[in-house]
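The listed protein sequences correspond, in order, to chains V and H.
Going by our numbering, the letters in the first sequence line up with residues 1 to 342, in that order.
Going by our numbering, the letters in the second sequence line up with residues 1001 to 1123, in that order.
What follows is a single structure, written as structure tokens, with notes after it.
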Amino acid sequence: MAEHSPKLDSKTLWGGKESPFQTSYGKLMMWFFLVSDALTFSGLLIAYGFSRHDAQDAWPIGEETFNSMPFLGHGYPLLYVALMTFILIVSSVTMVLAVEAGHRMNQKGVVKWLIATIIGGAFFVGSQAWEWSHFIHGSEFGKIELTDGSQAIVKGHFGEIENFTVVEAGRHHKKGAVIKDDLLHEFQHAAVNGKINDDGMIRLHDGSLAKINKAKDHEMKLIIKRDGSKNKVGDTPILGKAAEKLYYDAVYAGEKNRVIYGANLEQNEYGPQQYGQFFFFITGFHGFHVFSGVIINIIILLGVISGTYQKRGHYEMVEKTGLYWHFVDLVWVFVFTFFYLV
Amino acid sequence: MERDDLIEYSLHAHHSEEKGKEIRKKIWMVTLLLTIITVVEVFTGAFIKQSSWVWPFVKWGFIILTVFKASYIVLVFMHLGDEKKSLKYMILIPYFLFILYLIFIALWEALAVGDAWSTYGGA
């Protein structure tokens, strides 16, 4: 901006009225808050780094974990999160344009760019909700525990389940009935609870027994993420027939928790337990910042529309919320790198 | 009543239409730069596997680009580059002092702990 020495008369100056940093009280305090908030995020990300370096090769790889797009399915590594990043950067740009319009006392300009910022922020929060939902529900294959105690994540194309044919009636389904609804959900629920046995028979909710008719899987790949007595982390991935055999040995074992889908705070299909916890905490804490940023922006927008700042003679409130908003973008730049890229 | 804030500082950021044009041009240039960096990062991340021998270089490349992006956001979007020197350094120096040290000590310790687990056992 222009030169930074406000013309103060000597009386004011010697009355202890000059800011040592030549900036207003509000802006300075916003900076202090951001410094402390940045230290919090640094601490969280460094704790994440600690766990990650501790676990080394067992840690999940971003492009393997996040490879889905809304409406398009799998096979798009990092694309969605890149889009989210782009949206947040653009909303940071519209915010700085709102601040710039404020410096010219251009009320209409501030309104326009602030609304754009709010839309961008809301879009980002929505995307994060989608991402969380996907992370929690997990993939079609899940993660398996092999007989030697090692754990492996599973990649490939999951053959579609066509139907279940009931062979033994339960409380609800009759013998010979063909079930076509909610198949994947039923399958995963049964797999987790050890209710699928080795002939590919599934014990359904109502106690009936059904045969699973399922298309073949393709290009299955098992990547070891926890050491067992035989398989070690860092071994070359197990492919093809061998992978399929190991996978269905685990799924058909009839034992609880040989397969894990998605994530919660106790376990996740992607890697070590801490990975899920850090994911929820750090992206959640950041998402909460974005959410509160959107709310603050809306409040300031109302102030701009009602002409409060026009009357006051300056748009510093927009500048201060702008600082907060850019900070949120700044944090995301680091989260993006350390959670998704490296 | 005498105001206890100094409105002069708030008014000081005002600028003219011509200056505004100049500033907006700079903002769009920075936008373009940040977008290009992000696109390059995502494509490199998608095509270079972590098992590849170039990965360590790519990883450091990502970290350097991240710091690069961060400095553009802080210095241009947050206008810290235009603030008084004393304010600028008061905000930035804690990170150079403490955070770099914390990163160093935490990651070094993590590697040692990881080695200890794999050497002496544990689940």
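Where a beta carbon is used, it is the ideal one built from N, C-alpha and C, also for glycine.
Between residue i and residue j, how many whole angstroms is the CB-CB distance? I'm expecting something under 8 Å.
i	j	result
H/L1080	H/I1091	7 Å
V/A210	V/E162	About 12 Å; that fails the 8 Å criterion.
V/I196	V/V251	6 Å
V/L302	V/M30	Their Cβ separation, rounded to whole angstroms, is 19 Å, which puts V/L302 and V/M30 out of contact at 8 Å.
V/W59	V/P272	7 Å
V/R258	V/E145	5 Å
V/H326	V/S92	5 Å
V/V125	V/V294	7 Å
H/T1038	V/A82	6 Å
V/Y261	V/Q151	That pair is no contact at about 13 Å.
V/F21	H/S1086	6 Å
Taking only three categories from DSSP, how would you classify residue i?
i	result
V/R226	strand
V/K241	helix
V/E131	helix
V/R203	strand
V/K256	coil
H/M1078	coil
H/I1048	coil
V/Q151	strand
V/E145	strand
V/L209	strand
V/K232	coil
V/M105	coil
V/E18	coil
H/V1054	coil
H/I1129	As displayed, chain H neither begins before 1001 nor continues past 1123, which places residue 1129 of chain H out of reach and without an answer.
V/T345	Shown here, chain V extends from 1 to 342; a query on residue 345 of chain V therefore has no answer.
V/F164	strand
H/A1106	helix
Counting only beta-carbon separations shorter than 8 Å, does residue i have a partner in chain V?
i	result
H/T1038	yes
H/K1025	no
H/M1078	yes
H/F1062	yes
H/L1033	no
H/T1119	no
H/I1103	yes
H/I1093	no
H/L1097	no
H/G1081	no
H/V1054	no
H/E1018	no
H/Y1089	no
H/L1107	yes
H/L1100	no
H/E1041	yes
H/L1075	no
Of all the CB atoms in chain H, is at least one closer than 8 Å to the CB of residue i?
i	result
V/T337	yes
V/M1	At V/M1 the pLDDT is 45, less than 50, meaning the model places this residue with poor confidence and gives no usable figure here.
V/R104	yes
V/S306	no
V/H326	yes
V/P20	yes
V/Q56	yes
V/W113	no
V/T147	no
V/W31	yes
V/E219	no
V/H286	no
V/L222	no
V/S68	no
V/G271	no
V/L330	yes
Drop a sphere of 10 angstroms on the beta-carbon of residue i, count the other beta-carbons inside from all chains shown, and report buried for 16 or more, exposed for fewer.
i	result
V/A2	Model confidence at V/A2 stands at a pLDDT of 48, short of 50, so the residue's coordinates are unreliable and nothing is read from them.
H/W1108	exposed
H/M1078	buried
V/F345	Because chain V in this structure spans residues 1 to 342, residue 345 of chain V falls outside the shown range and cannot be described.
V/A98	buried
H/W1055	exposed
H/M1001	Interpretation of H/M1001 is limited by its pLDDT of 44, a score under 50 that renders its predicted location unreliable; the figure taken from the coordinates is listed afterwards. Burial call: exposed.
H/A1112	exposed
V/Y48	buried
V/N231	buried
V/S306	exposed
V/M220	buried
V/G148	The identity of residue 148 of chain V in the sequence shown is Asp, whereas the question assumes Gly. Exposed.
V/I89	buried
V/R312	exposed
H/F1104	exposed
H/F1096	exposed
**Asked** Can you give, in chain order, each stretch of the beta strand (DSSP E) that sits fully within the stretch 267 to 319 of chain V and has at least 3 residues?
**Response** none
**Runs of alpha helix (DSSP H) wholly within the stretch 27 to 100 of chain V (minimum 4 residues, chain order)** = 62 to 65
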